[in-house]
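First residue of the sequence shown: 1, per the UniProt record's numbering; consecutive thereafter.
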Amino acid sequence: MFAKILFLPLTIQTAFTFITGAIGDIYDEREASNIAHIVLEHITGLGKLDRIIHKERDLSPAQKEQLTAAIAALQRMEPIQYITGTAWFYGLEFNVSPAVLIPRPETEELVDWIVKDTVGRHGLHILDIGTGSGCIPLSLKSAMPDAVISGADVSDAALDVARSNAAKLNLEVNFRHLDALDSVQMGALESFDIIVSNPPYITQKEQAEMQQQVWGFEPSLALFVPDHDALLFYRHIALTALEKLSKPGYLYFEINEALGKEVVELLQGLGFEGVELKQDFFGKDRMVKAGITA
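See the structure below:
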């Protein structure tokens, strides 16, 4: 079927219908339509209005090759963001690849919490641990231009993506290699006013309940923790924060919605003050903030 596409005339409108039909068994009608629009914008470079105006325009042979590759990837349930290589986050377009998690709306809420909490504060030193695409530190830098911001990750491939995004967005963030579970590396960090992290927090037993688009393509290194130690990264990062946060200083986490109480108790037990559990737009426990003042 795909081979025929390369030899037949195919207009933008016909291509739209072809995409939605090819993935109709995987996605509902609305989602299939949204995905088709994204694919065609990626392939043609035309926005939705221009595609309507030029709906009878034929795709070029190269564009048809892109289309067949995109449909094959979609039928493998590959996320659309990896197919286009981009994802929007906090009003910015980021490069993404299978080396990094796809930025998500709930993480935007975490960024927005920090931005709103720091209104009127200047020259803050901020560290994002487990930075992936760099979406958190780069979004913070865009909103807080005079902040000194770093992003750290154990994956060199992820850091390459993050640095490409810094260059693309023309934002100055220092990206560095760091293993959050290595006490020597963590102990060598300088001090920060804010430490933020969206660490791995999905237990292995939860994987069976996840969509294939997530566990089949996104990096497991950034997703999963052992069933017997779900708070592994929270504990290591929090212990570092106790030593490295300025006073006053604040720690922000994105969390597993099922572990809000446990994360709060962990932070309170370590001596953090004013520990606050916050729900996301969907009413799920998703973020925690903790302070240290003395």
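All C-beta atoms, glycine included, are put in the ideal place defined by N, C-alpha and C.
>> Which same chain residues end up closer than 7 Å to Glu93 when comparing Cβ atoms and leaving out the 5 residues on each side of it in sequence?
In response: Within the sequence shown, residue 93 is the residue found at index 93, counting from 1. Result list for Glu93: Thr86, in chain order.
> Comparing alpha-carbon positions, which option in Gln13, Glu276, Leu251 lies nearest Ile292?
Replying inline: The count along the sequence shown starts at 1 and reaches residue 292 at position 292. Nearest in C-alpha terms to Ile292, of all of Gln13, Glu276, Leu251, is Leu251.
>> Can you tell me where the beta strand (DSSP E) holding Ile126 begins and where it ends?
In response: Counting from 1 along the sequence shown, the entry for residue 126 is found at position 126. Its beta strand (DSSP E) spans residues 125–129.
> Around the C-beta of Leu267, are 16 or more other C-beta atoms found within 10 angstroms, so that it is buried, or is it exposed?
Replying inline: Position 267 of the sequence shown, counted from the first residue, corresponds to residue 267. By the 10 Å Cβ count, Leu267 comes out buried.
>> Can you tell me where the alpha helix (DSSP H) holding Tyr82 begins and where it ends?
In response: In the sequence shown, residue 82 corresponds to position 82, counting from 1. Boundaries of the alpha helix (DSSP H) harbouring Tyr82: 80–84, taken from the DSSP string.
> If you compare alpha carbons, which of Ala36, Pro9, Tyr27 is closest to Thr17?
Replying inline: The residue you call residue 17 lines up with position 17 of the sequence shown. It is Ala36.
>> Considering just the uninterrupted stretch of the beta strand (DSSP E) at Val184, what are its terminal residues?
In response: As a working mapping, residue 184 is identified with position 184 in the sequence shown. Counting along the chain, Val184 falls outside any beta strand (DSSP E), though it belongs to the alpha helix (DSSP H) covering 183–187.
> Three or more C-beta pairs closer than 8 Å, one from the segment 179–197 and one from the segment 116–134: is that the case here?
Replying inline: They touch, by the three-pair rule.
>> Between the alpha carbons of Leu159 and Pro103, how many angstroms are there, rounded?
In response: Here the question's residue 159 lines up with position 159 in the sequence shown. Here the question's residue 103 lines up with position 103 in the sequence shown. Roughly 15 Å separates the two Cα atoms.
> If you drop the 5 nearest sequence neighbours on each side, which residues of the same chain put their C-beta closer than 7 Å to that of Lys284?
Replying inline: For the purposes of this step, residue 284 is taken as residue 284 along the sequence shown, with counting starting at 1. For Lys284, where only same-chain residues beyond five positions count, the Cβ hits under 7 Å are Glu257.
>> So, with DSSP's three-state summary, where would you put Ala87?
In response: Sequence index remark: in the sequence shown, residue 87 carries index 87 (1-based). Ala87: strand per DSSP, three-state reduction.
> Which residues does DSSP pair with Met287 in a beta bridge?
Replying inline: The sequence position of residue 287 within the sequence shown is 287, counting from 1. Per DSSP, Glu254, Lys278.
> Near Lys55, which residues of its chain fall below 7 Å by C-beta distance, leaving aside the five closest residues on each side in sequence?
Replying inline: For the purposes of this step, residue 55 is taken as the residue at position 55 of the sequence shown. Excluding residues within five positions, the ones whose Cβ falls inside 7 Å are Thr11, Ile12, Gln13.
>> I need the DSSP call for Ser142, collapsed to helix, strand or coil.
In response: Residue mapping note: residue 142 aligns to position 142 of the sequence shown, counting from 1. Ser142 carries a helical assignment under DSSP once its states are collapsed to helix, strand and coil.
> In chain order, which continuous runs of the beta strand (DSSP E) of length 3 or greater are located wholly inside the segment 13–78?
Replying inline: Runs of the beta strand (DSSP E) inside the segment 13–78: none found.
>> Output needed for Ile23: all residues of its chain with C-beta closer than 6 Å, excluding positions within five of it in sequence on either side, in chain order.
In response: As a position in the sequence shown, residue 23 is number 23, starting the count at 1. If we look at Ile23 and ignore the five residues flanking it on each side, its Cβ neighbours are Ala32, Leu74.
>> So, for Glu276: in the same chain, excluding its five sequence neighbours on each side, which residues have a beta-carbon less than 8 Å away from its beta-carbon?
In response: Counting from 1 along the sequence shown, the entry for residue 276 is found at position 276. Here the set comprises Val288, Lys289, Ala290.
>> Taking the alpha-carbon of residue 367 as reference, which of Leu245, Asp50, Thr44 has the nearest alpha-carbon?
In response: Because residue 367 is not part of the residues shown, which for the chain are 1 to 294, the question remains open.
> Do you know how far the Cα of Val154 is from the Cα of Leu189?
Replying inline: As a first step, residue 189 must be located in the sequence shown, where it is residue number 189. As a first step, residue 154 must be located in the sequence shown, where it is residue number 154. Distance between the alpha carbons of Leu189 and Val154 is about 14 Å.
> How many angstroms separate the CA atom of Arg235 from the CA atom of Thr118?
Replying inline: In the sequence shown, counting from the first residue as 1, residue 235 sits at position 235. In the sequence shown, counting from the first residue as 1, residue 118 sits at position 118. Going by the C-alpha atoms only, they are around 25 Å apart.
>> Tell me the rounded alpha-carbon separation between Val263 and Val184.
In response: Taking the first residue of the sequence shown as position 1, residue 263 is located at position 263. Taking the first residue of the sequence shown as position 1, residue 184 is located at position 184. Their Cα atoms are separated by approximately 24 Å.
> Just the Cα atoms here: how many angstroms apart are Pro98 and Ser220?
Replying inline: Numbered from its first residue, the sequence shown carries residue 98 at position 98. Numbered from its first residue, the sequence shown carries residue 220 at position 220. Their backbone Cα atoms lie some 10 Å apart in a straight line.
>> Beta-carbon within less than 8 Å of Ile38's beta-carbon, same chain only, minus the 5 sequence neighbours each way: which residues are those?
In response: What you label residue 38 is simply residue 38 of the sequence shown in a count that begins at 1. Closer than 8 Å at Cβ, skipping near neighbours: Ile80, Thr84.
>> For the ligand SAH, is there any heavy atom lying closer than 6 Å to the beta carbon of Ile114?
In response: With respect to the ligand SAH, the structure shown offers nothing to examine, as it has no ligands at all.
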